[in-house]
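Shown next, in the form of structure tokens:
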């Protein structure tokens, strides 16, 4: 059998398939389907400094080949995660990634500091959040803001730091380079694309928040394009995500430049999706005489 193990920023994963943040909770429900050690890792539900109840419903809507969501980072807060969820997660024999979100740089730094003293393996910085001190503009939409928050969090973070990029930008390669230059150990991408649906009878937006994040198979070609662009702009590893539903998608994303992958929306229709993708990748590698999955990364042949 081919070697599916990968290493990201010094952290070893038994395979490149990671459950994406926001789609897997803290893993307890999915552990009823299969041992979580079948996954390379888990990027936990986004956590904030204090408990958040999220946005009012309706906050999820189906779209052609995808899902629109505006859940609003509902979570119990970082202290509850550390005390109640992390001890259980660390018994699951898989890499644990804490995804953090906040409305100020100070909130991110406080969480990074708290989590650095725990057993989490990595910290993923969700910079698709509104910066309340800058009029609600997302942290991840300019090179300057990405540089600032990455550099500040880096000062407080003792764990390998992943910066999760928003696709809702003009030049994602420059933004990725800014994160790398200011201390990111890895990039994860892409977060959701901003979308909207309207009920033609009531003429109201289907989601209470008016707009939401679009994920699922519909965004896959956008994600592949952006991973490819960023892979040519940075030297740090890329964790690719965005609409990966099959092992063929996984292979394509790695060929574009990803060293590991996050699987999200696909698990809503099939909880076993990452396990099936891992098995499919393994067979593909064996059938093609490829000894290690790492041999796929950034091997696209340009015209």
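Residue numbers (the numbering used here): -19 to 283.
Built from N, CA and C at the ideal position, the CB exists for glycine as well.
In this text the structure is predicted, and so the values were computed from the model without any measurement.
Asked	Found
Residues sharing a beta bridge with residue 174, DSSP	193
For residue 148, three-class secondary structure by DSSP	coil
Limits of the alpha helix (DSSP H) - the one that residue 130 falls within	123 to 136
Whole-angstrom distance between residue 70 and residue 59, CA atom to CA atom	16 Å
Classification of residue -12 by the beta-carbon crowding that lies within 10 angstroms, buried from 16 upward	buried
Inter-residue Cα distance where the pair is residue 35 and residue 143	24 Å
Reduced DSSP category for residue 209 - H, G, I as helix; E, B as strand; rest coil	helix
Inter-stretch contact (C-beta, 8 Å, three-pair minimum) for the region 50 to 58 and the region 79 to 94	yes
With 16 other Cβ atoms within 10 Å as the buried cut-off, status of residue -19	exposed
Close-in-space but distant-in-sequence residues of the same chain around residue 207 (CB under 7 Å, 5 per side omitted)	169, 218, 220, 233, 236, 237 and 238
Cα-Cα separation between residue 137 and residue 96, rounded to whole angstroms	6 Å
Cβ-based burial, residue 228 [other Cβ within 10 Å; buried from 16]	exposed
Close-in-space but distant-in-sequence residues of the same chain around residue 16 (CB under 6 Å, 5 per side omitted)	7, 72 and 74
Distance CB(residue 4)-CB(residue 247) smaller than 8 Å	yes
Residue-chain proximity (residue 76, chain C), Cβ-Cβ < 8 Å	Reference to chain C is not applicable here, since this structure consists of a single protein chain.
Status (buried if at least 16 other CB within 10 Å, exposed otherwise) for residue 263	exposed
Cβ pair count under 8 Å reaching 3, the region 193 to 207 against the region 37 to 49	yes
Same chain, Cβ closer than 7 Å to residue 113, neighbours up to 5 away in sequence not counted	84
Alpha-carbon spacing of residue 300 relative to residue 261, whole angstroms	Outside the modelled stretch of the chain, which goes from -19 to 283, sits residue 300, for which no answer is possible.
Enclosing alpha helix (DSSP H) for residue -13 [first to last residue]	Run containing residue -13: none in the alpha helix (DSSP H); it sits in the beta strand (DSSP E), -14 to -12.
Burial state of residue 107 (16 or more Cβ within 10 Å)	buried
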